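Enquirer: Residue numbers (the numbering used here): 448 to 746.
A virtual CB, placed ideally from N, CA and C, is assigned to each residue, including glycine.
Small disclaimer: the values here were computed from a predicted structure and weren't measured.
Spelled out as structure tokens, the structure:
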């Protein structure tokens, strides 16, 4: 694969039909480090109607990372957690052997909703761990030249996120002022993928915008992140990174596994009500779709 590759998102819908730009997984790129799923949604006007409504649904074998650029989302899960998330805060749920959760736009919310939903594949040694949930209201924020870097996952220039993950990973929100030229310090043993949150920008010389993902292979000590010259406001990026994930995955619906049998069992458990319920969500759980022949997703 070339050093910088730009990939197009495909449109998908979640929950009540909220449209998202699905950037991972793709045929050409299954994972970026252990990051195995990335939806970018919004900015959406949620001032009228119900806003985002994602009914209770199950997960196995992964961690979910919820990150907002604008707006509020209310998380509930089968562990009894109920947590509002705002921009600059992190919700991190570890599914382990199995958990269910829902997400919804709360009452009294801001008019705009804009964010990312990400998954991290758990390594084989950790994927049957007990489920858990953590909310981090305060994350390290540092100034590197003209840019502001929020350390969501991993470490940057000596500042480390409190988020507990199980693979060598990085996840940063980076804000670069208009007209500035900034190079993000990177690890040469990591591969990276970069999202432009809210407008055109350049990543290591490649043009991206919402709906495009820039992938960078290992071997780099820095990645230039530059707002488009036409911009009159700062550019926000989200940067994913990690050591290449070499384990083979089977991914279907909301499950990350290693065999088709594990997928079938998880679906059967959900349909039979063997996952703990999510209390308080004003609606029914999502039924599992019909199970096709599971496909192995090799690196």
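Tell me which residue opens and which closes the beta strand (DSSP E) that residue 491 is part of.
Expert: Its beta strand (DSSP E) spans residues 482-492.
Enquirer: Ends of the alpha helix (DSSP H) at residue 717?
Expert: Counting along the chain, the alpha helix (DSSP H) containing residue 717 begins and ends at 707-718.
Enquirer: Looking at residue 697: is its Cβ nearer than 7 angstroms to the Cβ of residue 508?
Expert: It is not a contact, given that the beta carbons lie outside the stated cut-off.
Enquirer: If you measure between the beta carbons of residue 513 and residue 547, is that distance less than 7 angstroms?
Expert: Not closer than 7 angstroms, so no.
Enquirer: Identify whether residue 571 lies in helix, strand or coil by the three-state DSSP scheme.
Expert: Residue 571 falls in the helix class under three-state DSSP.
Enquirer: I believe residue 624 touches residue 534 by the beta-carbon criterion, under 8 angstroms. Please report the beta-carbon distance rounded to the nearest angstrom.
Expert: Wrong, their Cβ atoms sit about 18 angstroms apart, outside the cutoff.
Enquirer: Output the distance between the C-alpha atoms of residue 599 and residue 610, rounded to the nearest integer angstrom.
Expert: Going from the Cα of residue 599 to the Cα of residue 610 covers about 7 angstroms.
Enquirer: Which term fits residue 635, buried or exposed, when burial requires 16 or more other beta carbons within 10 angstroms of its beta carbon?
Expert: Exposed, since its Cβ has fewer than 16 Cβ neighbours within 10 Å.
Enquirer: With a floor of 3 residues, list each beta strand (DSSP E) that falls wholly inside the stretch 458-534, ordered by position along the chain.
Expert: With a minimum length of 3 residues, the continuous beta strand (DSSP E) runs that stay inside the stretch 458-534 are 465-471, 482-492, 500-506, 509-517, 520-524, 529-532.
Enquirer: What number of angstroms, rounded off, separates the C-alpha of residue 568 from the C-alpha of residue 712?
Expert: Cα to Cα, the separation comes out at about 18 angstroms.
Enquirer: Alpha carbon to alpha carbon, how far is residue 669 from residue 642? Give it in angstroms, no decimals.
Expert: Roughly 16 angstroms between the two C-alpha positions.
Enquirer: Express the C-alpha separation of residue 651 and residue 421 in angstroms, rounding to a whole number.
Expert: Past the boundaries of the shown model lies residue 421; the chain is included only from 448 to 746, so the question cannot be answered.
Enquirer: For residue 695, count the other beta carbons within 10 Å of its own beta carbon; 16 or more makes it buried, fewer makes it exposed. Which is it?
Expert: Classification of residue 695: exposed, given that the 10 Å Cβ count is below 16.
Enquirer: Kindly list the residues whose CB is nearer than 8 angstroms to the CB of residue 456, restricted to its own chain and excluding five residues on each side of it in sequence; keep chain order.
Expert: 468, 469, 470, 487, 658, 659, 660, listed in sequence order.
Enquirer: In terms of residue numbering, what span does the beta strand (DSSP E) encompassing residue 541 cover?
Expert: 537-541 is the span of the beta strand (DSSP E), which, as asked, contains residue 541.
Enquirer: State the Cα-Cα distance for the pair residue 538 and residue 519, rounded to the nearest angstrom.
Expert: Their backbone Cα atoms lie some 12 angstroms apart in a straight line.
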